[in-house]
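Protein chains: 2
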Amino acid sequence: MFKELDPILHSQLRLAVISLLIGVKEAEFTFLREKTNSTAGNLSVQIQKLKDVGYIDVIKQFKDNYPQTICKITRKGIKAFEEYVANLQTYLGKG
Amino acid sequence: MFKELDPILHSQLRLAVISLLIGVKEAEFTFLREKTNSTAGNLSVQIQKLKDVGYIDVIKQFKDNYPQTICKITRKGIKAFEEYVANLQTYLGKG
DNA sequence: AAATTTGGTTTATATTATAAACTACTTTAT
DNA sequence: ATAAAGTAGTTTATAATATAAACCAAATTT
Numbered sequence: 027m028f029k030e031l032d033p034i035l036h037s038q039l040r041l042a043v044i045s046l047l048i049g050v051k052e053a054e055f056t057f058l059r060e061k062t063n064s065t066a067g068n069l070s071v072q073i074q075k076l077k078d079v080g081y082i083d084v085i086k087q088f089k090d091n092y093p094q095t096i097c098k099i100t101r102k103g104i105k106a107f108e109e110y111v112a113n114l115q116t117y118l119g120k121g
Numbered sequence: 027m028f029k030e031l032d033p034i035l036h037s038q039l040r041l042a043v044i045s046l047l048i049g050v051k052e053a054e055f056t057f058l059r060e061k062t063n064s065t066a067g068n069l070s071v072q073i074q075k076l077k078d079v080g081y082i083d084v085i086k087q088f089k090d091n092y093p094q095t096i097c098k099i100t101r102k103g104i105k106a107f108e109e110y111v112a113n114l115q116t117y118l119g120k121g
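Written as structure tokens, this is what we have:
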């Protein structure tokens with residue numbers, strides 16, 4: 027009947043981050059923070075979680091003297107997102 | 027960009043319950059438990075929350091000597107579900 | 001009448017999310 | 001040169017959620 031929803035993606039902020047990364051394939055921390063309208067602390071935590079499970083790659087470097095965090099979705103992340111969306115349909119279908 | 031997702035509905039079990047209730051308009055606790063494959067304790071708590079915010083009405087009665095809990099979605103609940111689904115599209119659109 | 005089943009609720013615990021405080025460094029203004 | 005403010009995050013503490021386990025009350029079965 028209802029499919030399990032990946033708890034990693036069933037979070038507003040993490041879902042928004044993945045959704046953005048699917049569109050652009052690479053994005054800065056600050057870009058994600060602006061687009062998701064989240065606090066830096068929360069975003070930092072959620073990016074770490076997405077990285078821990080292998081849904082994104084995180085590259086830390088410096089740009090114009092400032093630290094810069096770049097995020098990229100992985101193949102695994104794309105697959106997880108697609109499955110999440112598909113499973114979600116089992117909840118929305120009856121509406 | 028991303029719309030806020032109603033935290034009451036952004037829960038796998040509560041969303042499943044509402045999804046079921048939209049289909050049938052009235053359902054027993056036991057029916058919901060079977061269909062959602064949840065534990066009675068968890069379901070009891072989540073039904074209480076849906077009732078607290080006015081998304082469902084809960085009627086307690088007896089049937090064949092046993093207590094029976096009936097749940098019905100309210101107009102407010104239907105509206106909330108529809109809005110949740112619409113807002114969710116802002117997250118899934120780029121996939 | 002003891003054990004099991006039905007239909008739940010309550011309570012305790014694990015997991016998540018969020019915000020606030022902090023680190024480390026850079027830029028700007030004085 | 002130094003103080004104040006800004007950038008780019010991380011860590012930590014707290015609140016909210018979810019889940020499971022234990023419990024309750026009555027009914028049924030053996």
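Which chain is which? The protein sequence lines are A and B, in order. Just so you know, we're using our numbering here: the first sequence kicks off at 27 and counts up by one. Just so you know, we're using our numbering here: the second sequence kicks off at 27 and counts up by one. Every residue gets a Cβ at the ideal spot worked out from N, C-alpha and C, and that includes glycine. On a predicted model such as this, the values are computed, not experimentally measured, just so you know.
Note on geometry: alpha-carbon atoms of Ile-48(A) and Val-43(B) lie some 30 Å from one another. Cβ neighbours of Leu-39(A) within its own chain (closer than 8 Å, five residues either side excluded): Thr-62, Ser-64, Asn-68, Leu-69 and Gln-72. In this model, Lys-105(A) and Gln-94(B) are separated by some 42 Å (Cα to Cα). Residue contact check for Tyr-81(B) against chain A: no CB pair falls below 7 Å. According to DSSP, Glu-54(B) shares a beta bridge with Ile-96(B). Just measuring C-alpha positions, the residue of Phe-107(B), Asp-90(B) and Ala-66(B) sitting nearest His-36(B) is Phe-107(B). One thing to note: Ile-85(B) has its Cβ no nearer than 7 Å to the Cβ of Ile-99(B). The C-alpha of Asp-90(B) is placed about 43 Å away from the C-alpha of Glu-109(A).
For the stretch 31-84 of chain A, the full-length alpha helix (DSSP H) segments reaching 4 residues or more read 38-50, 55-62 and 66-78 along the chain. DSSP, reduced to helix, strand and coil, places Phe-88(B) within a strand of the structure shown. With respect to chain B, the C-beta atom of Phe-28(A) has a partner C-beta closer than 7 Å. Against chain A, a Cβ distance below 7 Å from Ala-42(B) picks out Phe-28 and Tyr-117. Taking 9 Å as the upper bound on Cβ-Cβ separation, chain B lies near residues Asn-63 of the stretch 63-74 of chain A.
Interface annotation, Lys-61(A): in contact with chain B, CB-CB separation under 7 Å. Within chain A, no C-beta atom comes nearer than 9 Å to that of Leu-58(B); the closest sits roughly 11 Å away.
Taking 7 Å as the cut-off, the beta carbon of Asn-113(A) is found closer than this to the beta carbon of Leu-31(A).
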